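*Asks:*
Number of protein chains: 2
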Amino acid sequence: MYTLAEENYLKAIYKLSLTDDSVSTNQIAAELCTKASSVTDMLRKLADKALVNYARYQGVSLTKAGNKVALNIVRKHRLWEYFLVEKLNFKWDEVHDMAEEMEHISSNELINRLEEFMGYPTRDPHGDPIPDSHGNFRAHDLKPISTMPVNAGGIISGVRDHSAAFLQYLEKQNLVIGRYITVKEIITYDNTVVLQMENKELQISHEVANNLLIAL
Amino acid sequence: MYTLAEENYLKAIYKLSLTDDSVSTNQIAAELCTKASSVTDMLRKLADKALVNYARYQGVSLTKAGNKVALNIVRKHRLWEYFLVEKLNFKWDEVHDMAEEMEHISSNELINRLEEFMGYPTRDPHGDPIPDSHGNFRAHDLKPISTMPVNAGGIISGVRDHSAAFLQYLEKQNLVIGRYITVKEIITYDNTVVLQMENKELQISHEVANNLLIAL
DNA sequence: ATTTAAATTTAGACTTGTCTAAAATTTTTA
DNA sequence: TAAAAATTTTAGACAAGTCTAAATTTAAAT
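This is the structure we're talking about:
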């Protein structure tokens with residue numbers, strides 16, 4: 001149906017659209033590690049196929065059709081990640097690249113059966129919501145720890161940074177999804193956050209606090 | 001490591017090598033539904049990478065390295081087919097095209113874990129042997145029903161034709177892997193084979209008998 | 001042993017997706 | 001608001017893989 005490149009562009013635009021209303025050529029180029037000129041070429045093609053709204057120099061957004069395609073790729077990515085972690089026992093920092101390939105397996109029947117096989121999970125191993133076969137999902141209502149006031153508590157429920165390095169750090173500190181934490185103190189000097197965990201106290205940098213999400 | 005096209009060519013050459021010692025350009029073109037000129041181009045590239053032995057006009061064969069790559073693709077294909085049938089409940093005539101995509105997922109760690117998850121199966125849903133992670137497998141020792149003498153019996157253990165049409169026909173007649181049959185009669189007029197099954201008699205054409213394999 | 005036929009290869013072109021370098025547009029800044 | 005800077009687009013080129021048509025080589029047939 002769609003080429004590998006098209007799917008990757010749609011997914012990138014989808015991702016960038018979560019934080020910005022209109023997405024720029026350079027943003028996409030950075031996201032896909034490619035050059036702005038390549039992006040321009042592809043945007044023209046996607047616009048011809050009515051998958052994006054695009055006017056020269058004006059940025060780009062997904063059409064309804066483009067959004068549907070992108071969501072389906074996200075759905076596949078997250079279901080495969082869940083499979084890799086829950087069934088094949090990979091760690092949450094190991095699955096991204098594999099899922100990046102598997103999300104392009106075309107069959108929807110396959111992904112629906114996989115979803116059923118796994119019991120209709122709603123979150124992937126990083127806490128991100130898994131769209132159902134109609135593209136519906138419960139949106140994140142999560143906030144970074146860095147926004148929490150002192151004495152507030154909550155359950156670790158997601159990450160903003162999906163890099164292996166960050167995930168490995170979290171694993172090591174036992175900052176995993178499902179864990180309850182409270183903010184004990186915020187050190188004003190550099191916004192280091194002091195967390196109270198079940199049985200220990202832990203200091204995390206503002207950077208980390210900013211990338212670790214809590215359900216209040 | 002290797003492109004999609006390279007992998008498909010290596011797999012095709014592997015498959016054709018099972019029946020012929022040296023494989024011709026036209027055979028490959030037919031197998032891949034492409035043109036002879038495209039094949040020639042690719043053979044040069046594969047020869048440059050030392051994956052095939054190729055001399056102009058002289059046919060082609062896999063090198064040791066090429067064979068290893070091809071076997072790994074076959075391994076992945078058959079493990080994914082097993083997964084689709086045994087875990088996701090697809091029928092044996094539905095899985096080929098999906099596995100055709102999944103065999104190109106690159107991670108070997110993934111396929112090894114999948115193999116472990118499924119309990120190290122040795123045959124795919126069509127009875128074809130699954131190479132282990134070193135490329136070793138118990139070779140078929142199967143013969144088509146068309147070569148059996150009257151009164152001989154055996155267990156249905158594989159197929160030569162993997163087309164959905166053939167597999168659906170077999171399913172309908174209950175000619176599935178594991179079933180015991182005996183040859184009751186061979187009608188000399190057109191080599192129709194009369195099979196005795198558990199509780200019924202069944203006539204199959206020579207064509208069918210030729211594509212259905214028995215372990216004696 | 002030629003000629004004919006079949007198979008294979010070469011030559012040149014096309015598509016997809018990428019790149020660099022230069023031109024055009026928008027945004028920022030003074 | 002006009003110059004400078006940043007962004008974006010265009011133009012032209014390249015690599016992978018494919019194709020058609022023509023040329024070459026091998027195999028088959030008289």
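Sequences listed follow chains A and B, in order.
Going by full-length UniProt numbering, the first sequence opens with residue 1, and the numbers climb by one from there.
Going by full-length UniProt numbering, the second sequence opens with residue 1, and the numbers climb by one from there.
Each residue gets a CB set at the ideal place from its N, CA and C atoms; glycine is no exception.
Note that this is a predicted model, so its numbers are computed, not measured.
Quick check on the DSSP output: what are the complete alpha helix (DSSP H) runs of length 4 or more inside the region 21-107 of chain B, in order along the chain?
*Replies:* 25-32, 36-48, 64-86, 96-102
*Asks:* Compute the distance between the beta-carbons of residue 104 (chain B) and residue 7 (chain B), then report whether it is under 9 Å.
*Replies:* yes
*Asks:* Classify residue 203 (chain A) as buried or exposed, calling it buried when 16 or more other Cβ atoms lie within 10 Å of its own Cβ.
*Replies:* exposed
*Asks:* Between which two residues does the alpha helix (DSSP H) harbouring residue 168 (chain B) extend?
*Replies:* Where residue 168 (chain B) is concerned, the enclosing alpha helix (DSSP H) stretches over 164-172.
*Asks:* Compare the C-beta of residue 161 (chain B) against all C-beta atoms of chain A and say whether one is closer than 9 Å.
*Replies:* no
*Asks:* According to the Cβ coordinates, are residue 62 (chain B) and residue 74 (chain B) closer than 9 Å?
*Replies:* no
*Asks:* With DSSP collapsed to three states, give me the class of residue 146 (chain A).
*Replies:* helix
*Asks:* Taking beta-carbon pairs under 8 Å, can you tell me which members of the region 78-91 of chain A lie near chain B?
*Replies:* For the region 78-91 of chain A, the set of positions with a beta-carbon nearer than 8 Å to some beta-carbon of chain B reads 84, 87, 88, 89, 90 in chain order.
*Asks:* Of all Cβ atoms in chain B, is any one closer than 9 Å to the Cβ of residue 113 (chain A)?
*Replies:* It does: the Cβ of residue 113 (chain A) has a partner Cβ on chain B nearer than 9 Å.
*Asks:* How would you label residue 124 (chain A), buried or exposed, when you count the other beta carbons within 10 angstroms and need 16 or more for buried?
*Replies:* buried
*Asks:* Give the straight-line distance between the Cα atoms of residue 81 (chain A) and residue 9 (chain A), rounded to the nearest whole angstrom.
*Replies:* 20 Å
*Asks:* Beta strand (DSSP E) containing residue 180 (chain B): first to last residue?
*Replies:* 180-187
*Asks:* Using a 10 Å radius around the Cβ and a threshold of 16 neighbouring Cβ atoms, would you call residue 19 (chain B) buried or exposed?
*Replies:* Exposure of residue 19 (chain B) is indicated by the presence of fewer than 16 other C-beta atoms within 10 angstroms of its C-beta.
*Asks:* List the residues of chain B that residue 101 (chain A) touches, going by C-beta distances under 7 Å, in chain order.
*Replies:* 105, 106
*Asks:* Hey, residue 59 (chain B) and residue 23 (chain B) are a contact pair by Cβ (cut 8 Å); roughly how many whole angstroms apart?
*Replies:* 6 Å
*Asks:* Cutting at 6 Å between CB atoms, please list the residues of its own chain near residue 12 (chain B), excluding the five before and the five after it.
*Replies:* 28, 31, 32
*Asks:* Out of curiosity, what's the CA-to-CA distance linking residue 132 (chain A) and residue 87 (chain A)?
*Replies:* 20 Å
*Asks:* Whose Cβ in chain A lies nearer than 8 Å to the Cβ of residue 98 (chain B)?
*Replies:* 105, 107, 110
*Asks:* Determine the contact status of residue 141 (chain A) and residue 215 (chain A), defining contact as a CB-CB distance below 9 Å.
*Replies:* Yes, Cβ-Cβ distance for residue 141 (chain A) and residue 215 (chain A) is below 9 Å.
*Asks:* Between the region 107-117 of chain A and the region 171-185 of chain A, are three or more C-beta pairs nearer than 8 Å?
*Replies:* Short answer: they don't touch.
*Asks:* Tell me the DSSP secondary structure of residue 13 (chain A) in three-state form.
*Replies:* helix
*Asks:* Which residues mark the beginning and the end of the alpha helix (DSSP H) in which residue 209 (chain A) is found?
*Replies:* 206-211
*Asks:* What residue range is occupied by the uninterrupted beta strand (DSSP E) comprising residue 176 (chain B)?
*Replies:* Unbroken run through residue 176 (chain B): none, as it is neither H nor E.
*Asks:* Using 9 Å as the threshold, is the C-beta distance between residue 167 (chain A) and residue 183 (chain A) below it?
*Replies:* With respect to the 9 Å criterion, residue 167 (chain A) and residue 183 (chain A) are not classified as neighbours on the basis of their beta carbons.
*Asks:* Can you look up residue 4 (chain B) in the DSSP assignment and give me helix, strand or coil?
*Replies:* Three-state result, residue 4 (chain B): helix.
*Asks:* State yes or no: is the beta carbon of residue 117 (chain A) nearer than 9 Å to at least one beta carbon in chain B?
*Replies:* yes
*Asks:* Hey, residue 218 (chain A) and residue 162 (chain A): beta-carbon distance below 9 Å or not?
*Replies:* This structure cannot speak to residue 218 (chain A), because chain A is shown only from 1 to 216.
*Asks:* Ends of the beta strand (DSSP E) at residue 133 (chain B)?
*Replies:* No beta strand (DSSP E) contains residue 133 (chain B), which DSSP labels as neither H nor E.
*Asks:* How is residue 110 (chain B) classed by DSSP in three states: helix, strand or coil?
*Replies:* helix
*Asks:* Looking only at DSSP bridge pairs, what is residue 129 (chain B) linked to?
*Replies:* DSSP, once it has assigned bridges, lists B:123 as partnering residue 129 (chain B).
*Asks:* Determine which residues share a DSSP beta bridge with residue 215 (chain A) and list them.
*Replies:* A:155
*Asks:* In the DSSP assignment, what are the bridge partners of residue 115 (chain A)?
*Replies:* None; residue 115 (chain A) has no bridge partner.
*Asks:* Should residue 191 (chain A) and residue 157 (chain A) be called a contact, given that it needs their Cβ atoms to be closer than 9 Å?
*Replies:* no
*Asks:* Going by the CB atoms, is the gap between residue 46 (chain A) and residue 25 (chain A) shorter than 9 Å?
*Replies:* Taking 9 Å as the cut-off, the Cβ atoms of residue 25 (chain A) and residue 46 (chain A) do not count as close.
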